[in-house]
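Enquirer: Next up is a structure, given as structure tokens.
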Amino acid sequence: MVLANAFFGETPCEQALENGHVGVAELLLTSVLSQPQWAEQISELFWRRLLSAALRSHQLSVLGFVLSYEPDLNSDVRHSEKPLFDAARANEAEMLKVLVAHGADVSSTDPVGSTLLHIATKYGAVDVLEVLKSSSVREEVNTTDTLGNTALHYAADCAQLEVARVLFEMGADVNLRNRRLTPPLHMAVSKARLPMAKLLLEEGQADVNATDYQDNTALLLLAAMTTSDVDEYTSDTEEEESVQLQMAKVLIDHGADVNAANTATATPLHHAMRRYDFDLVDVLLENGADVNQPNRFGDTPLHQAARLALYPVMWEKLLKHGADLTAQDRNGKTPMELIPNNVLRASVAEVVARLT
Numbered sequence: 161m162v163l164a165n166a167f168f169g170e171t172p173c174e175q176a177l178e179n180g181h182v183g184v185a186e187l188l189l190t191s192v193l194s195q196p197q198w199a200e201q202i203s204e205l206f207w208r209r210l211l212s213a214a215l216r217s218h219q220l221s222v223l224g225f226v227l228s229y230e231p232d233l234n235s236d237v238r239h240s241e242k243p244l245f246d247a248a249r250a251n252e253a254e255m256l257k258v259l260v261a262h263g264a265d266v267s268s269t270d271p272v273g274s275t276l277l278h279i280a281t282k283y284g285a286v287d288v289l290e291v292l293k294s295s296s297v298r299e300e301v302n303t304t305d306t307l308g309n310t311a312l313h314y315a316a317d318c319a320q321l322e323v324a325r326v327l328f329e330m331g332a333d334v335n336l337r338n339r340r341l342t343p344p345l346h347m348a349v350s351k352a353r354l355p356m357a358k359l360l361l362e363e364g365q366a367d368v369n370a371t372d373y374q375d376n377t378a379l380l381l382l383a384a385m386t387t388s389d390v391d392e393y394t395s396d397t398e399e400e401e402s403v404q405l406q407m408a409k410v411l412i413d414h415g416a417d418v419n420a421a422n423t424a425t426a427t428p429l430h431h432a433m434r435r436y437d438f439d440l441v442d443v444l445l446e447n448g449a450d451v452n453q454p455n456r457f458g459d460t461p462l463h464q465a466a467r468l469a470l471y472p473v474m475w476e477k478l479l480k481h482g483a484d485l486t487a488q489d490r491n492g493k494t495p496m497e498l499i500p501n502n503v504l505r506a507s508v509a510e511v512v513a514r515l516t
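Residues in the sequence shown are numbered consecutively from 161, following the working numbering.
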């Protein structure tokens, strides 16, 4: 059958086009269009499938052949993507130009509000983006999809550095926030994208202290990330410092507030101590972290040291930075009163005696 191939899921005409056999495809189409009973079965979906096959051929001549039949390039067709989006996914810049020249709408969106820029960004289609940069699409660089994400959000999420640079050239706003009030920097940090975070801060001038819907800054998000969270997005490295620690230093070097608290009134220091990340604790203390700032439970970092049964060396660090032994939590307890066992209490008492 010319119109169906149940085994492969493609029609013979699609197979011919995908393999660049325009003559065969023309023969098949002519035989279909010359027969009224078959011609009536041809739908918009059929033409979309032919266009998709032409794009997969990577040959402009094949695409030109299908376009000579003047198929609709812009209507929404069930179970089918618009040809422009297919071209963007495949980074077929020249084919995209041809489609636009034949009337394809560069301002169209998919069912979830994704624009051509969103699609090209997600797939790292730099060649397509270079074409769009010189078109009217440039003015849509900050358009959001149904999640409130701009193209730059997806560049940050997918670590597309070159894509982000092109978006900057188009005027992308690095500080726009999505529906969860998340800016691109947060998306880069939450996936441990160190080079992307640097790019957003240095070339994009991102606001390092911007907050999300829970008032988390990028540094707060980073401090709360577990080792497994970071390992999920990073490969093994022989560097002495973890990606997490490197990123913390980058954020702080760009002005991150080490004492910013979220809606739970937790600070980066609270998070770092809760995760036993003592390297990050050191960095935060060196950069002015407030050792007496309480969270919503009234716990200062020293209270946390007691609850977590941390070794006396952590008590010593905090005390040397001015931690208050007399601070009380919301139940009126001091840090010393929260130490869970007598052995640790005695060891901590020795540290206290030595420092006072």
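Note that the Cβ used here is the ideal one computed from N, Cα and C, for glycine as well.
Pick out whichever of VAL226, SER296, THR275 has its Cα sitting closest to the Cα of TYR314.
Expert: Across the set VAL226, SER296, THR275, the C-alpha of THR275 shows the shortest separation from the C-alpha of TYR314.
Enquirer: Taking GLN488 as part of the alpha helix (DSSP H), name the residues at either end of that continuous run.
Expert: No alpha helix (DSSP H) contains GLN488, which DSSP labels as neither H nor E.
Enquirer: Is ALA513 helix, strand or coil by DSSP?
Expert: helix
Enquirer: Could you give the DSSP three-state label for PHE457: helix, strand or coil?
Expert: coil
Enquirer: In chain order, what residues of the same chain have a beta carbon less than 7 Å from the beta carbon of GLN406, not counting five sequence neighbours either side?
Expert: The residues are LEU354.
Enquirer: Using the three-state DSSP reduction, which class does LEU468 fall into: helix, strand or coil?
Expert: coil
Enquirer: Comparing C-alpha positions only, which one of THR377, GLU290, SER217 sits nearest to SER350?
Expert: THR377
Enquirer: Is the beta carbon of LEU336 closer than 8 Å to that of ALA311?
Expert: no
Enquirer: Verify whether the separation of the beta carbon atoms of VAL297 and LEU277 is less than 8 Å.
Expert: Contact flag set, yes.
Enquirer: Counting Cβ pairs, one atom from each stretch, are 3 or more of them under 8 Å apart for the region 487-504 and the region 461-470?
Expert: yes
Enquirer: Let's see if you can read the secondary structure: which residues bound the alpha helix (DSSP H) around CYS173?
Expert: Looking at the DSSP string, the run of the alpha helix (DSSP H) that includes CYS173 is 172-178.
Enquirer: Name the residue from ARG490, VAL512, LEU429, ASN491 whose alpha carbon lies nearest to the alpha carbon of PRO472.
Expert: Selected option, being the one with the closest Cα: VAL512.
Enquirer: Are LEU215 and LEU223 touching if we call contact CB-CB under 8 Å?
Expert: yes
Enquirer: Please list, in chain order, all residues of the same chain as LEU188 whose beta carbon is under 7 Å from its beta carbon, the five residues on each side excluded.
Expert: So the list reads VAL162, PRO172, CYS173, ALA176, once near-sequence residues are dropped.
Enquirer: Quick one, which of SER295, VAL184, LEU470 has its alpha-carbon nearest ALA256's?
Expert: The question names Ala, yet the displayed sequence has Leu at residue 256. For the options SER295, VAL184, LEU470, the alpha carbon positioned closest to that of LEU256 is the one of SER295.
Enquirer: Alpha carbon to alpha carbon, how far is SER267 from LEU341?
Expert: Each residue's Cα considered, the two are about 25 Å apart.
Enquirer: Under 8 Å, do MET330 and LYS282 count as touching if we go by C-beta distance?
Expert: MET330 places its beta carbon 8 Å or farther from that of LYS282.
Enquirer: Under 6 Å Cβ to Cβ from ALA319, same chain only, skipping five residues before and after it: list those, please.
Expert: The answer, listed in chain order, is ARG353, MET356.
Enquirer: Alpha carbon to alpha carbon, what distance is there between LEU382 and LEU444?
Expert: 12 Å
Enquirer: Which value, in whole angstroms, describes the spacing of the CA atoms of LEU485 and GLN365?
Expert: About 41 Å.
Enquirer: In angstroms with no decimal places, state the Cα-to-Cα distance between MET385 and ASP375.
Expert: Roughly 16 Å between the two C-alpha positions.
Enquirer: Can you give the Cα-Cα distance for HIS262 and ASP246, rounded to whole angstroms?
Expert: Distance between the alpha carbons of HIS262 and ASP246: 15 Å.
Enquirer: Check whether the Cβ atoms of ALA253 and GLU290 sit closer than 8 Å, and answer yes or no.
Expert: yes
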